[in-house]
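In what follows, a structure is listed as structure tokens, so that the remarks can point back to it.
Residue numbers (my numbering): 424 to 914.
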């Protein structure tokens, strides 16, 4: 959707006054969720987006060849399906509201060696059976959490809500999730299959696996795989953004695309302003209006490792050496040691020759993303923030190792290193897709230590990007809670 597609009934030029109740800068998932929540409360909302299409990390494009739809950012929407924000908005995951989430036969496969893989099924029993002597340990770690995922997801994704919505599950999650994933993989599991499967889950934290709290990421993602699955949006993740925009327009809101904001002084008068921006961009447009102490806090914000991403158009399915991987929506590639080494070295600013690779074959679940008989695939590996090194050979070598003949299936490819990712979306600073490092220091103070971290010291100014609690992911909770905080102040 672009500026010309706005509902003319809500054109501000038709109003007697140009003033709006709320301005949201940035139309990523957090910004759009915030806008919809404010509009549902009766506010007149204007969203300003620098790109020509709304969506941010939810955008989809024909990056390679006509007819092949690729997600530039997020593809797998377990967090959205479990998010209290998206569940409250009820955008129609059954397809009736314009958004349909579809599941691959298997949420995740992990190729830890050529022809050798571990599978994470929706069923925890099937997963445990496939892990052999580690099956009991896997069930012991995840059975209770995955069976009680609504309360767990609400408590973890909305950590400032008091009292916690599921105190028992949150306590269990906290006691287990506090530990470094490397220690848990080494002491709890005895086989490479289980160790690598868990290490790959924990590596979504984008920090070295010997850091505290990395086990929590593995537990959360594994529990959601068993509890709700790892679905993709039919037609591409853009359909999630489009559903949010449609809801906003129906409520009288407006989205202006192709509108880059360089200063708060450019904004129309409003009762409240929400910025779906990371600290670097916040300082650029609002630094002169922020108290010095708060500005220094934002200046000290640390961005995490970057990613190097490749999209492929394929003339057929990926020729996995282990045929079981053909049914997996997401495939992790690499041994436990490779996973740990890649994350450790990327955080230190170093490259590895054989990185672990995260791949998503969305067309396994959603054949509308490619012409009949064809497929899409994307993959990334972790690299140092801002890296200019071409990681394409390393990524394709890893794929070829576990899927011999992969290169022969390639019809077209599209490469995005850290600089290209940041050029596409300024929030992806140095290729960091999480809005800032997610080590223990920046998990609690995100971006500041407070029960309302979305509020700034400037009256009426709020932050709602992935640099706020609860962090990265297309769950919308940063926007949901920022909007809630703004509404509370307005009242």
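Glycine included, every Cβ here is placed at the ideal spot set by N, Cα and C.
For clarity, every value in this text was computed on a predicted model and none was experimentally measured.
- Boundaries of the beta strand (DSSP E) harbouring residue 677: 677-679, taken from the DSSP string.
- When secondary structure is reduced to three states using DSSP, residue 783 falls in the strand class.
- Distance from the CA of residue 491 to the CA of residue 498, rounded to the nearest whole angstrom, comes to 14 angstroms.
- Counting along the chain, residue 799 sits inside the beta strand (DSSP E) bounded by residues 798-806.
- Rounded to the nearest angstrom, the gap between the Cα atoms of residue 472 and residue 593 is 36 angstroms.
- Within the segment 479-559, complete beta strand (DSSP E) segments of at least 3 residues are found at 529-536 and 539-543, given in chain order.
- When the five nearest sequence neighbours on each side are left out, the beta carbons in the same chain lying within less than 7 angstroms of the beta carbon of residue 589 are those of 571, 574, 575, 577 and 578, in order along the chain.
- For residue 731, the enclosing beta strand (DSSP E) begins and ends at 729-737.
- Distance from the Cα of residue 831 is smallest, within the candidate group 822, 837 and 457, for 822.
- For residue 719, the enclosing alpha helix (DSSP H) has its first and last residue at 715-722.
- Annotated as proximal: residue 653 and residue 530, with beta-carbon spacing under 7 angstroms.
- Residue 674 carries a coil assignment under DSSP once its states are collapsed to helix, strand and coil.
- The three-state reading of DSSP puts residue 883 in coil, since its state is none of H, G, I, E or B.
- Nearest neighbour of residue 522 by Cα position, chosen from 603, 635 and 665, turns out to be 665.
- Scanning its chain for C-beta atoms nearer than 8 angstroms, with the 5 sequence neighbours on each side dropped, one finds around residue 505 the residues 572, 573, 576, 580, 647, 650, 651 and 898, in chain order.
- If you look at residue 618, you'll find it in the alpha helix (DSSP H) that goes 615-625.
- Residue 700 holds the alpha-carbon nearest to the alpha-carbon of residue 901 among 801, 700, 635 and 669.
- The beta carbons of residue 730 and residue 854 sit closer together than 7 angstroms.
- The three-state secondary structure of residue 753, taken from DSSP, is strand.
- Residue 765: member of the alpha helix (DSSP H) spanning 759-770, first to last residue.
- Residue environment for residue 746: exposed (fewer than 16 other C-beta atoms within 10 angstroms of its C-beta).
- For residue 668, the secondary structure class from DSSP, reduced to helix, strand or coil, is helix.
- Residue 693 sits in a strand when the DSSP states are folded into three classes.
- Secondary structure at residue 914: coil, using DSSP grouped into helix, strand and coil.
- Judged by DSSP secondary structure, residue 649 falls within the alpha helix (DSSP H) whose first and last residues are 637-650.
- In this structure, 682 is the residue among 791, 682 and 845 with its C-alpha nearest to the C-alpha of residue 470.
- Of 600, 887 and 669, the smallest CA-CA separation from residue 514 is found for 669.
- For residue 585, the secondary structure class from DSSP, reduced to helix, strand or coil, is coil.
- A distance of 7 angstroms or more separates the beta carbons of residue 717 and residue 852.
- Distance from the CA of residue 761 to the CA of residue 465, rounded to the nearest whole angstrom, comes to 51 angstroms.
- 7 angstroms or more divides the Cβ of residue 541 from the Cβ of residue 632.
- With the rule of 3 Cβ pairs closer than 8 angstroms, the segment 551-569 counts as touching the segment 600-620.
- Contact between the segment 737-754 and the segment 764-779 is not established, with fewer than three Cβ pairs separated by less than 8 angstroms.
- The segment 847-910 is shown to contain whole beta strand (DSSP E) runs of 3 or more residues at 884-886, in chain order.
- Under the DSSP assignment, residue 575 falls in the alpha helix (DSSP H) whose first and last residues are 572-580.
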